[in-house]
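What follows is a single structure, written as structure tokens, with notes after it.
2 protein chains.
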Amino acid sequence: MKDFIIIGHKAVTAPFSLNDLPGAAGRMDILCRCVNAALFLSHDLRRDVRVYLVLKGEPAPPKLISFNGAEVRYLSPDERSAASLIKKALEKNAQDFWTESMPGVSIRKGELGDLLAELGKKIIYLREDGKEVRGMRFDEPLFVLGDHMGLSDEEEKIIEGREHENVSVGPLSLHADHCIVILNNEMDRIEKHI
Amino acid sequence: MKDFIIIGHKAVTAPFSLNDLPGAAGRMDILCRCVNAALFLSHDLRRDVRVYLVLKGEPAPPKLISFNGAEVRYLSPDERSAASLIKKALEKNAQDFWTESMPGVSIRKGELGDLLAELGKKIIYLREDGKEVRGMRFDEPLFVLGDHMGLSDEEEKIIEGREHENVSVGPLSLHADHCIVILNNEMDRIEKHI
Chain A
9 MKDFIIIGHK
19 AVTAPFSLND
29 LPGAAGRMDI
39 LCRCVNAALF
49 LSHDLRRDVR
59 VYLVLKGEPA
69 PPKLISFNGA
79 EVRYLSPDER
89 SAASLIKKAL
99 EKNAQDFWTE
109 SMPGVSIRKG
119 ELGDLLAELG
129 KKIIYLREDG
139 KEVRGMRFDE
149 PLFVLGDHMG
159 LSDEEEKIIE
169 GREHENVSVG
179 PLSLHADHCI
189 VILNNEMDRI
199 EKHI
Chain B
9 MKDFIIIGHK
19 AVTAPFSLND
29 LPGAAGRMDI
39 LCRCVNAALF
49 LSHDLRRDVR
59 VYLVLKGEPA
69 PPKLISFNGA
79 EVRYLSPDER
89 SAASLIKKAL
99 EKNAQDFWTE
109 SMPGVSIRKG
119 ELGDLLAELG
129 KKIIYLREDG
139 KEVRGMRFDE
149 PLFVLGDHMG
159 LSDEEEKIIE
169 GREHENVSVG
179 PLSLHADHCI
189 VILNNEMDRI
199 EKHI
């Protein structure tokens, strides 16, 4: 299983309007594009991928939302579709354990540290000054990516406190969803020996 | 200059609601994501990229819309933002020549063949059975990509009638916007000698 964690520092933690994802929903558009980038193939889904969103915006942070590529349904590639499933999850009364809101989509209270402890994997942390991705091999990887604000010092400390490796996907600074596309492509090539 | 052409077979050719890009607007979401993938860096735009959309849906096809990375303004990464600029372009009375609707965004009547003739470049046609992209070199490339329907036989004939090369970005079939991300990354690496 390949896991992606994306941190949304302003992403709201209560139901929101689908008509203003960047503004009122706290750059929820970024997280929606990451869900797309992680899960979609042409006319298919990546069933070996899970996406975890860390929502840190008001009014009730932090919350975690997961998309499981093996189980998710009713997900289309457009931002609004992912946003609709996130909104439905936020309508649930989030607990300290996972609650499924729609097939393959679950929510719980919790922050980055909780999620990393639960998954218990080595972290591949996407950073511009990380090790070049080409030539690396990944075994059940767990990737962590920031949103437009990157990661906070506190979040970086949490990562540094666990087994991790810093990785870069190229010479320019890219959006998180673009990084995910490149990572998936790299793993596709490794798996198919290209 | 790097040019991307994406063909939207169902993309409507009159102003549309921003609240239903996949449905009523004829998979306009695909074209919006392609604009994002082609033009956005983190906190910057790719000023050496132009994106051309071929809109073939009702009621007044075909129309061409261009986004010029060096000139475009008022474009945010979310789908709705690109859609808003496309909609504004469709509000113009499209002629047989380019009309600018907003800074860096223009529209004209025309089809794929018109655009290829105007640009007058060798075509890099994205196909799953094309030549592996890694190791290739691109000089002022012109990439052509299909939407969820691929390219029609007629469109393929137009491409085959011009200088072209079929190229593949990996072992799996990907969405057009994901292909664009990978192509941009490949060109970034070539330019930075990584």
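Protein sequence lines correspond, in order, to chains A and B.
When the letters of the first sequence are read in order and numbered with our numbering, they come out as residues 9 to 202.
When the letters of the second sequence are read in order and numbered with our numbering, they come out as residues 9 to 202.
C-beta: ideal position from N, C-alpha, C; glycine also.
TODO: With DSSP as the reference, please indicate the residues paired to Asn76/A in a beta bridge.
DONE: Sequence index remark: in the first sequence, residue 76/A carries index 68 (1-based). Answer by DSSP bridge pairing, in chain order: Arg58/A.
TODO: Name the two residues that bound the continuous alpha helix (DSSP H) containing Gly118/A.
DONE: Here residue 118/A refers to the residue found at position 110 of the first sequence. Here Gly118/A belongs to no alpha helix (DSSP H), and DSSP marks it neither H nor E.
Task: Whole-number beta carbon distance between Val62/B and Gly16/B, since they are thought to touch under 8 Å - done: For the purposes of this step, residue 16/B is identified with residue 8 of the second sequence, where counting begins at 1. For the purposes of this step, residue 62/B is identified with residue 54 of the second sequence, where counting begins at 1. With 8 Å as the limit, Gly16/B and Val62/B qualify as a contact, their Cβ atoms being about 6 Å apart.
Task: Residue closest to Met157/B, alpha-carbon to alpha-carbon, out of Arg135/B, Phe48/B and Asn174/B - done: Within the second sequence, the letter at position 149 stands for residue 157/B. Of the listed residues, the one whose Cα sits closest to Met157/B is Arg135/B.
- [ ] List the endpoints of the continuous beta strand (DSSP E) containing Leu153/B.
- [x] In the second sequence, counting from the first residue as 1, residue 153/B sits at position 145. Its beta strand (DSSP E) spans residues Leu150 to Leu153.
Task: Residue from Lys100/A, Asn192/A, Asp196/A and Ser181/A whose Cα sits closest to the Cα of Phe48/B - done: Here residue 48/B refers to the residue found at position 40 when the second sequence is read from its first residue. Among Lys100/A, Asn192/A, Asp196/A and Ser181/A, the Cα nearest to that of Phe48/B belongs to Ser181/A.
Task: Paired residues, beta bridge with Gly158/A - DSSP - done: Here the question's residue 158/A lines up with position 150 in the first sequence. Looking at the DSSP assignment, Gly158/A forms a beta bridge with Asp155/A.
Open item on the list: Cutting at 6 Å between CB atoms, please list the residues of its own chain near Pro149/B, excluding the five before and the five after it.
Closed with: Numbered from 1 along the second sequence, position 141 holds the residue referred to as residue 149/B. Excluding sequence neighbours, Pro149/B sits near Lys10 and Ile132.
- [ ] Closer than 7 Å by beta-carbon distance: list the chain A residues that pair up with Pro30/B, in chain order.
- [x] The residue you call residue 30/B lines up with position 22 of the second sequence. Going along chain A in sequence order, the residues near Pro30/B (Cβ under 7 Å) are Ser84 and Asp86.
- [ ] Grab the span of the beta strand (DSSP E) containing Ser176/B for me, first residue to last.
- [x] Mapped onto the second sequence, residue 176/B falls at position 168. Taken as a continuous stretch (DSSP letters only), the beta strand (DSSP E) holding Ser176/B covers His172 to Ser176.
TODO: Starting from Glu140/B, follow its DSSP beta bridges and name the residues at the other end.
DONE: Translated into positions along the second sequence, residue 140/B becomes position 132. Ser176/B, per the DSSP bridge assignment.
Task: Per-residue DSSP class, three states only, for Glu108/B - done: Counted from its first residue, the second sequence places residue 108/B at position 100. Three-state result, Glu108/B: strand.
TODO: Mind checking the segment 23-49 of chain A against chain B and listing, in chain order, the residues whose C-beta falls within less than 8 Å of any C-beta there?
DONE: Leu26, Asn27, Leu29, Pro30, Asp37, Ile38, Arg41, Asn44, Ala45, Phe48 and Leu49
TODO: Report yes if the C-beta distance between Lys200/A and Pro179/B is below 8 Å; otherwise report no.
DONE: Working through the first sequence from its first residue, we reach residue 200/A at position 192. Working through the second sequence from its first residue, we reach residue 179/B at position 171. Yes, Cβ-Cβ distance for Lys200/A and Pro179/B is below 8 Å.
Open item on the list: Only counting the same chain, and skipping five residues up and downstream in sequence, which positions put a Cβ closer than 7 Å to that of Glu140/B?
Closed with: Residue mapping note: residue 140/B aligns to position 132 of the second sequence, counting from 1. Cβ neighbours of Glu140/B beyond the five flanking positions: Ser176.
Task: Selection from Asn192/A, Leu83/A and Asp86/A that minimises the alpha carbon distance to Asp56/A - done: Indexing the first sequence from 1 puts residue 56/A at position 48. The candidate whose alpha carbon is nearest that of Asp56/A is Asn192/A.
- [ ] Note down, in chain order, each residue of its chain lying with its Cβ closer than 6 Å to the Cβ of Ala33/B, except the 5 sequence neighbours on either side.
- [x] To locate residue 33/B, count along the second sequence from 1; it is residue 25. So the qualifying residues of the chain are Val20 and Phe24.
Open item on the list: Does Leu7/A come out as helix, strand or coil in the three-state DSSP assignment?
Closed with: What is shown of chain A runs 9 to 202, which leaves residue 7/A out entirely.
TODO: Express the C-alpha separation of Leu120/B and Ser160/B in angstroms, rounding to a whole number.
DONE: Numbered from its first residue, the second sequence carries residue 160/B at position 152. Numbered from its first residue, the second sequence carries residue 120/B at position 112. Straight-line Cα distance between these residues: approximately 11 Å.
TODO: Anything in chain A within Cβ reach of Val250/B, meaning under 7 Å, just list it in chain order.
DONE: For chain B, the structure presents residues 9 to 202; residue 250/B sits outside this window and is missing.
Task: Start-to-end residues for the alpha helix (DSSP H) that takes in Lys129/A - done: Mapped onto the first sequence, residue 129/A falls at position 121. Where Lys129/A is concerned, there is no enclosing alpha helix (DSSP H), given that its DSSP letter is neither H nor E.
Open item on the list: Quick test of the definition: if touching needs 3 or more C-beta pairs under 8 Å, does the segment 114-130 of chain B touch the segment 164-176 of chain B?
Closed with: yes
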